[in-house]
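In the UniProt record's numbering, the protein residues as written are 1 to 321. One structure is given here, and the rest of the page talks about it.
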Ligand code: CDV
């Protein structure tokens, strides 16, 4: 360990969820979340990460109108009466949480959203998913749909970082975790912990991706991103077979060293915990990833100037001898 850092411990829990079926109502789901929050607190956790779209089945797999989706799967406020037991339990236990859900705003805008809730059950941050995968048309020959581009707008809040009782926490959602920019924008705001929820179908409807790549690519992005950004990552999946549609598990807590310090075993509701040392990230930020000392943004301009890949830049080489 660095000579300059003292350990700063945070009790972190990741609450993986097994399937939520179409027939499951919000009350039943919230009961499961409350039970996992209680377990997390009993194991000394101060913060718990729940999945993306945690209150419902992963409904973008079904073709339906936007109006029907809103009626069945979206939340008009957070908290609301259905979710209040989770907020009440958080306040009673003094535990914060991250929760993903489908948001409809008062003016009718729809987002794939997550909130950051502190230990007094106050919503202190909101994130709206930026990297929306899938399509907006009806793929009649596909075994299921991935209609995030139909049901949600691209998030308009950017990648924020919040001071949660002294811990700098950033949020993202599912597909965001595959993009390096997601983490770097947050680590440049001094994030120490990045939390995220996901729903990753084992089957890729767009091309014949081997099922095990879904898990291996998930692992590799979390491990590499934690290391390259000197952050802790808590990632909570909703997994198992939702009405016959299988999604990967492998929820995990990853250290700034890139090591997985806790990982789910099953594809059902499961709480994993670790007492993480926030100072570990600081150690990396003082040395190999001392951003202020070593980064060269003038060499990274293409990252913000170009969206898709294009022609190589004119080469700049030293004059030949
Ligand atoms: N919900 C997601 O964003 N899922 C994507 C799938 C479609 C690849 C993911 O990155 O896990």
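Here a beta-carbon is modelled for each residue, glycine too, at the ideal position from N, C-alpha and C. This structure is a prediction, so every number in the text was calculated from the model and none was measured.
Determine the extent of the beta strand (DSSP E) in which residue i is found, giving its start and end residues.
i: residue 263; result: 260-263
i: residue 167; result: 167-173
i: residue 130; result: It is not in any beta strand (DSSP E) - residue 130 carries neither H nor E in the DSSP assignment.
i: residue 281; result: Looking at the DSSP string, residue 281 is not in any beta strand (DSSP E); the run it does join, the alpha helix (DSSP H), is 279-286.
i: residue 161; result: 161-164
i: residue 304; result: It is not in any beta strand (DSSP E) - residue 304 instead sits in the alpha helix (DSSP H) that spans 301-305.
i: residue 14; result: 9-16
Here's the rule I'm using: 16 or more other beta-carbon atoms within 10 Å means buried, otherwise exposed. How should residue i be labelled?
i: residue 31; result: exposed
i: residue 41; result: buried
i: residue 113; result: buried
i: residue 336; result: Lying outside 1 to 321, the shown extent of the chain, residue 336 is not represented and no answer is given.
i: residue 2; result: Only weak support exists for where residue 2 lies, its pLDDT of 46 falling under 50; the value from the coordinates is given anyway. It counts as exposed.
i: residue 22; result: exposed
i: residue 245; result: buried
i: residue 293; result: exposed
i: residue 93; result: buried
i: residue 241; result: exposed
i: residue 83; result: buried
i: residue 218; result: buried
i: residue 45; result: buried
i: residue 106; result: exposed
i: residue 166; result: exposed
i: residue 69; result: buried
i: residue 25; result: exposed
i: residue 301; result: exposed
i: residue 309; result: exposed
i: residue 118; result: buried
What residue from the options has the CA that sits closest to residue i's CA?
i: residue 79; options: 67, 108, 63, 121; result: 121
i: residue 306; options: 72, 181, 34, 174; result: 181
i: residue 136; options: 148, 118, 142, 130; result: 148
i: residue 10; options: 265, 255, 223, 296; result: 255
i: residue 99; options: 107, 124, 286, 249; result: 124
i: residue 158; options: 75, 111, 284, 166; result: 111
i: residue 276; options: 231, 86, 138; result: 231
i: residue 138; options: 64, 233, 172; result: 64
i: residue 173; options: 188, 152, 263, 190; result: 152
i: residue 47; options: 302, 57, 236; result: 236
i: residue 146; options: 91, 247, 225; result: 247
i: residue 288; options: 274, 228, 119; result: 228
i: residue 274; options: 296, 51, 234; result: 234
i: residue 115; options: 161, 200, 315; result: 161
i: residue 264; options: 7, 8, 17, 6; result: 17
i: residue 77; options: 131, 126, 59; result: 126
i: residue 141; options: 85, 206, 300; result: 206
i: residue 238; options: 49, 45, 282; result: 49
i: residue 132; options: 163, 109, 118, 175; result: 175
i: residue 13; options: 102, 103, 299, 97; result: 97
i: residue 271; options: 253, 282, 75; result: 253
i: residue 196; options: 184, 171, 250; result: 171
i: residue 224; options: 26, 189, 128, 184; result: 184
i: residue 226; options: 144, 285, 52; result: 285
What residue range is occupied by the uninterrupted alpha helix (DSSP H) comprising residue i?
i: residue 294; result: 291-294
i: residue 139; result: Segment: none, residue 139 is in no alpha helix (DSSP H) and carries neither H nor E.
i: residue 253; result: It is not in any alpha helix (DSSP H) - residue 253 instead sits in the beta strand (DSSP E) that spans 252-254.
i: residue 148; result: 148-151
For this session: Any chance you could list the beta strand (DSSP E) runs of at least 3 consecutive residues sitting entirely within the segment 40-118, in chain order?
Result: Positions of the beta strand (DSSP E) runs, each at least 3 residues long and wholly inside the segment 40-118, are given as 47-49, 96-104, 110-117 in order along the chain.
For this session: Would you list the residues whose beta-carbon is nearer than 5 Å to any heavy atom of ligand 2, in the order they occur in the chain?
Result: No copy of ligand 2 appears in this structure; the ligands present are ligand 1.
Exercise. Taking only runs of the beta strand (DSSP E) that begin and end inside the segment 175-246, which ones reach a length of at least 3 residues, in chain order?
Worked result: 193-198, 232-237, 240-242
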